[in-house]
Structure formats: C-alpha cells, structure tokens
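For reference, each letter of the sequence shown is one residue, going 126 to 515 in our numbering.
Each remark here refers to the structure printed beneath this line.
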Amino acid sequence: MVANRLAAGTSGVVIAGSLLAVQAQTRPLGFAAQAVTVQMSESVCRLSRTSVKIGSVRFKSMNFGRRARSFSIARRHTPFVRPGGTRALTVSFGRPGRYRYVCAARGRPPSRRTGFLRVVAPSAPDRVITAVGDHTSSATDPEDIAVKNAVVRINPVAHLGIGDFQYDNIGTILGGYDKIWGPRPKGLYPIIYPTAGPTHDVTSCTDARYQNYWGRPAMKIYSFDLGSWHIISLPSAAVRYRCDVTGITTALKADLASSRKRCTLAFMQEPYWTRPTGKHTRENGVKPWVQALYDANADVLLQASNHDYQRFAPQNMSDRPDPARGLHAFVVGTGGISLYPFTGTAPNVEASNDRTYGVLKMVLHANGYDFEFVPVAGGTFTDSGSGTCH
C-alpha cells in the first residue's frame, strides 16, 4: 500500500515507487476543489473522483470501494506512454478527501498495489485590508489627505470605513470626503465598505442621503467574505435613533449562524470598548451586538467615534481578559478630524495614542491575522501584533 497527502500549495509530491508525481495547482475548481497534474511514467494510473479532462475529451467517473472515493479511467481512453516517457494528465477533485488509485502497465491487469492520495482544500490567500473612521468635511484637509495616501501606499483589497465620513453631516460628503477618497465611482470608492454612525452619517431612521451616496441602506446590517474571513458591518446609528435595534440583533445572529468561515470580524462606529475622552465613553446600546459576536466566537471588533487609536487585549463581556475566545477590539478614529485627548483609562488597554493620524492595516490569513497601525507620513507612533482565529 502506498499513501501520501497532497496539501494545498505543495508541489512535486512523489508517491513511493515513482508511480505518480503530483503537482498542486493554486486555482480552486468549484466548491472546496483541488486540481493536480499527474506526470505518468511507464505505468498507467487510474485516478480519483469527478471527471478527468485530457484535451477536449472528458471522462466520466466510476465510484468503487468503501474506504476511499475513486474511479478508473476507461482503458481505451487512458493516455499510455512508452517506458521512460511522460504524459500530463490534469485531474479535478470536486472536494477534499481520501482517494484511491491503482496503476497498470500497458496490456497487463491492474497492479495489486493500491495507493491512496489525500486531497485537502486549497488554502485561502492572504488578504490585506485597511480600516479607519472619523474624517473631516474639507477637500483640502492635510490630515485626511495624508490618511488616504497611507491607504493608497498599502494598496488593500478592501477598506473598512468605520463611520463619520465627514463633518457636519452627510450633506457635505460630496464636498470633502468624496473629493479626497473618490470621486465616486472612482478612486478608492469601489473598495470601501462603509458603516453608518449617528449625527454625521445619518440624522434619523429615514435619512436617505447615506444610501444615495453609498448605495446601501444606513440602518441595515450587511456582510461579505474575504478568503477565510466573514466581515460584518453594524449600523450603530440605529442605536442613537432607536431604529429597530432588536431587528438588527436578530439579523446579526442569523448572519453569524449561517457563516461557514473560520474567522469573523465586525466593525461599527460607536465603541463598546474604549478609553473615555471628553466626548465619548462606552456605548451600552450596542451591547446586544457585542454579546452576539462573543457568543458566536467572533474574533475582531473594529470601532471609532473617539478620535484616537486604541487596542485592547481579547476580553469577554465582563471586561476580563479572555485569550481563548475573547473579542480583540480596536478603536481607529484617526481619519483626519481633530483628535480627542484621553481623560481616563479602561480595563485591558494594551496600546493607545491620541496624537497620531493613521490607518489600521490588517493581513487576513486562513486562520489568523496580523495588524499594524500605520501612521501618516511623518508620524512616529506605531503598533503591531498578530492573533489566531478561534
């Protein structure tokens, strides 16, 4: 018996006896699919599951065996080669699993020697995202421009806009934020995922100006996936104006229950975990959402509203350190508007700064993440680290 394991990203795996050389491809084919290229020598191998395509001919599969999923290519279609020669055969695996193969020399019965190949789903590539909130209303504001330039240098696949895109209210977004970060639909606009905060993004439950600009309802939860990550936008403005908070909580729980991603990140404007300033302390109205995230083993919570940067140790709903399943919370309100000095501390604060503009950069891995606070040009404060998904 011959056994081997094809791990995502592995290349040049040679099964014992040189019966089969397997090379992983990075492109997934359908759900949880894996493609391999088989270089056959003088033996002819019968391989695994779903269909095999050689040139323009597609061969159907035949299942057999209780312990392993496998099929044999019909003998008349098998691409025989001369001893010492090679022939490429690309096999698409519909799903991960344990596969059986047997080989046969031309004109001879199949070998009694059975090999097994274990195929795993390809790893999701790393994704770089950025996040920041609390901007100005001026198209010439140097701090806001510097923050945008920092994002451009990072070149993320997605940017999370953590609310308060302008001052005084959404009516000024075209004159300030849009000119710096857009103009819509160009610039960074296509990769920005927004969330609605109160006062500056919307002024009531029925304020339609946010949706007119962003193309998303202000008071609705939405989510999307990036690789192994499920990312959720929560409209904390709904708490201020009492816009069906219970309905949003129900929608959040359903969203979390339906996700099959290993890692979860949520972002919202109003902070649940924050050091106090002269303007903001904890927003208790979002507690049901934070509780739902914690109960679902979510990993990261990004917040803003306080104009500063803060990072907390992973913690539970009792504000106690919880490295096993606690939410890793950040405040990133350093988007350009004047910064707020801290007036006190809070449990589990690991890093904070109220003097530096910048953006949070995150590299999302298949089962974890790296984070870095990137200051604007000329800034000196930095903060970085990593975490593992629950």
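All C-beta atoms in this analysis are idealised placements derived from N, C-alpha and C, irrespective of residue type, glycine included.
Beta-carbon proximity list for residue i, same chain, < 7 Å, skipping 5 on both sides
i      : result
Arg192 : Confidence at Arg192 is low in this model, with a pLDDT of 39, below 50, so its placement is unreliable and no value can be given for it.
Ile270 : Ile305
Asp303 : Arg309
Thr328 : Asn294
Ala264 : Gly300, Gly301, Lys304 and Ile305
Gly322 : Gly288, Asp289, Ser361, Ala362, Gln394, Glu395 and Ser430
Ala283 : Ile254, Ile316, Tyr318 and Leu351
Val499 : Ala275, Ile279, Gly483, Val484 and Lys486
Gly312 : Trp306
Ile298 : Phe290, Gln291 and Tyr338
Leu464 : His432, Asp433, Asp479 and Arg480
Own chain partners of residue i with C-beta closer than 8 Å, once the 5 adjacent residues on each side are dropped
i      : result
Ala325 : Here the sequence assigns His to residue 325, which means Ala is not the residue at that position. Gly288, Asp289, Phe290, Gln291, Tyr292, Asp293, Asn294 and Ile295, listed in sequence order.
Gln336 : Pro342 and Ala343
Asn422 : Thr389, Arg450 and His515
Gly504 : Thr481, Tyr482 and Gly483
Integer-rounded CB distance, given that residue j should sit under 8 Å from residue i
i      : j      : result
Val456 : Pro396 : 5 Å
Ala417 : Thr481 : Not a contact, Cβ separation roughly 32 Å.
Leu489 : Arg334 : Contact doesn't hold; Cβ gap of about 32 Å is too wide.
Val364 : Glu408 : 7 Å
Val501 : Glu268 : 7 Å
Boundaries (first-last residue) of the beta strand (DSSP E) holding residue i
i      : result
Gln435 : Tyr434 to Phe437
Asn478 : Val474 to Asn478
Val370 : Run containing Val370: none in the beta strand (DSSP E); it sits in the alpha helix (DSSP H), Val370 to Ser383.
Tyr318 : Ile317 to Pro319
Leu285 : Ala283 to Gly286
Residues of its chain near residue i, where Cβ-Cβ distance is below 6 Å and the 5 sequence neighbours each way are ignored
i      : result
Ser166 : Reliability of the predicted coordinates at Ser166 is poor, the pLDDT of 36 falling under 50, and the value obtained from them is presented with this limitation in mind. Same-chain partners within the cutoff: there are none.
Pro319 : Gly286 and Trp339
Ala438 : Pro446, Asn473 and Glu475
Ala249 : Gly352, Ser353 and Ala491
Ala454 : Trp398, Leu426 and Phe437
Glu497 : Lys486 and Ser509
Arg152 : Residue placement at Arg152 is poorly supported in this model, since its pLDDT is 29, which falls under 50; the coordinates still yield a value, given next. Here the set comprises nothing.
Pro401 : Thr468 and Gly469
Tyr494 : Met487 and Gly512
Lys178 : Because the pLDDT of Lys178 is 36, which lies under 50, any placement of that residue in the model is unreliable, and the number read from its coordinates should be weighed accordingly. Nothing meets the Cβ criterion.
Cys368 : Cys330 and Met344
Phe349 : Ile356
Residue range of the alpha helix (DSSP H) that includes residue i
i      : result
Tyr335 : Arg334 to Trp339
Glu268 : Pro267 to Ile279
Tyr419 : Lys412 to Asp420
Ile305 : Tyr302 to Trp306
Ala363 : Ala362 to Tyr366
According to DSSP, residues forming a beta bridge with residue i
i      : result
Asp495 : Val488 and Ser511
Val456 : Gln428 and Gln435
Ser348 : Ile357
Gly483 : Pro500
Cys388 : Trp354
Arg252 : Leu489
Phe467 : Thr402
Gln440 : Pro446 and Leu452
Pro323 : Val327
Test: residue i CB closer than 8 Å to a CB of chain B
i      : result
Ser358 : Reference to chain B is not applicable here, since this structure consists of a single protein chain.
(message) Count Cβ pairs between the stretch 385-392 and the stretch 350-363 that sit closer than 8 Å; are there 3 or more?
(response) yes
(message) Pairs of beta-carbons, one from the stretch 374-385 and one from the stretch 434-451, closer than 8 Å: are there three or more?
(response) no
(request) Tell me, please, whether the stretch 248-265 touches the stretch 459-470 by the rule of three or more beta-carbon pairs shorter than 8 Å. (result) yes
(request) Flag this pair as touching only if the stretch 268-283 and the stretch 469-478 have three or more C-beta atom pairs under 8 Å; answer yes or no. (result) no
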